[in-house]
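Input: a single structure, listed below in structure tokens.
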Amino acid sequence: MTEKRSLTYRDAGVDIDAGDALVDRIKPAAARTQRPGVLSGLGGFGALFELPSGYREPVLVSGTDGVGTKLRLAIESGRHEGVGVDLVAMCVNDIIVQGAEPLFFLDYYASGHLDVDVAATVIEGIAKGCELASCALIGGETAELPGMYQGDDYDLAGFSVGIVEKSRLIDGSKVKDGDVVIGLSSSGLHSNGYSLARKVLEVSGADHAMNLNGAPLIERLMAPTRIYVKALLNLLDEIDVHAMAHI
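141 is the number that numbering that gives the first Met the number 0 gives to position 142 of the sequence shown; each next residue is one higher, with no gaps.
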């Protein structure tokens, strides 16, 4: 007779030990993002954050986003360092244009097979983005989903919450004729339009290593999205901004 044995998560393609190793590895990066208000560390059922004092009518502003098909270029080129910054930027830049200061951030990382090195690189990039935005990385989810993703594929999503005094919300209602329009420069394509960019690369046959203004094309394409939070918070302290848009 065939001997019966118990099946484990490892038999199903889920490596719990790898998940634990990842958490241990990213804890120092997350710790560097801490700010006043954080009441819990990574690993709890829910992340805790105490709202700052000093607001008469506080309004919470939330944003969620991903990195889109820029991830495909990251996977193909092995350049994972910047996509974590991209993820944070896509969320916090949406928040700041409504006048809100980002408070905290959570991420979702999903793959078919958890590569600890790749995941750690990505999440350390998320922590770097949080530092640039002065918000805390207070939690997240790492999902190993056999059969859902092929090969080295992975996906990212992020969620951020910010705060603003109700009277200082920016919604465009103050816009009037004669207002001055100011454009802030980008670092590149940021994280939009990559399905079209990848199609252009495919049709043109452009080499990722070709020189573009002194750097390889792939380096230009993978430049992290600029995070505008600190610059705009300083601007909001100086002048009455009527509207902002994250393009």
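The beta carbon of each residue, even a glycine, is placed where N, CA and C say it ideally should be.
Which two residues bound the contiguous alpha helix (DSSP H) that contains residue i?
| i | result |
| --- | --- |
| Val-121 | 115-132 |
| Tyr-193 | 193-203 |
| Glu-218 | 216-220 |
| Val-82 | 82-95 |
| Leu-72 | 69-76 |
| Val-22 | 15-30 |
| Glu-237 | 228-237 |
Excluding the 5 residues preceding and the 5 following residue i in the sequence, name in chain order all residues of the same chain whose CB lies nearer than 8 Å to its CB.
| i | result |
| --- | --- |
| Gly-171 | His-241 and Ala-242 |
| Ala-126 | Ile-25, Ala-28, Ala-29, Arg-31, Thr-32, Gly-83 and Leu-136 |
| Gly-182 | none |
With a cut-off of 8 Å on the beta carbons, I'd call residue i and residue j a contact; round off their distance for me.
| i | j | result |
| --- | --- | --- |
| Phe-48 | Phe-103 | 5 Å |
| Leu-220 | Leu-72 | 6 Å |
| Leu-232 | Glu-100 | 6 Å |
| Thr-224 | Ala-156 | Between Ala-156 and Thr-224 the Cβ distance is about 15 Å, and since that is not below 8 Å, they are no contact. |
| Val-87 | Ile-246 | Contact doesn't hold; Cβ gap of about 17 Å is too wide. |
| Gly-161 | Val-60 | 5 Å |
| Thr-141 | Leu-113 | 7 Å |
| Tyr-153 | Tyr-193 | The Cβ separation is near 16 Å, so there is no contact. |
| Ile-94 | Asp-106 | Incorrect: roughly 15 Å between the Cβ atoms, too far for contact. |
Leaving aside the five residues before and after residue i along the sequence, list all residues of the same chain whose C-beta is less than 7 Å from its C-beta, in chain order.
| i | result |
| --- | --- |
| Ala-244 | Val-96 |
| Gly-213 | none |
| Ala-132 | Val-87, Val-91, Pro-101, Ile-226 and Val-228 |
| Gly-98 | Val-163, Arg-167, Leu-168, Ile-169 and Leu-235 |
If you follow the beta strand (DSSP E) that residue i is part of, which residue opens it and which one closes it?
| i | result |
| --- | --- |
| Ile-137 | 135-143 |
| Val-163 | 153-164 |
| Ala-109 | 100-110 |
| Pro-57 | 57-64 |
If you drop the 5 nearest sequence neighbours on each side, which residues of the same chain put their C-beta closer than 6 Å to that of residue i?
| i | result |
| --- | --- |
| Asn-92 | Tyr-227 and His-245 |
| Ala-222 | Ser-186 and Gly-187 |
| Ala-12 | Looking at the sequence itself, residue 12 is Gly, so the reference to Ala does not match. If we look at Gly-12 and ignore the five residues flanking it on each side, its Cβ neighbours are Pro-145. |
| Leu-216 | His-207 and Met-209 |
| Val-174 | His-241 and Ala-242 |
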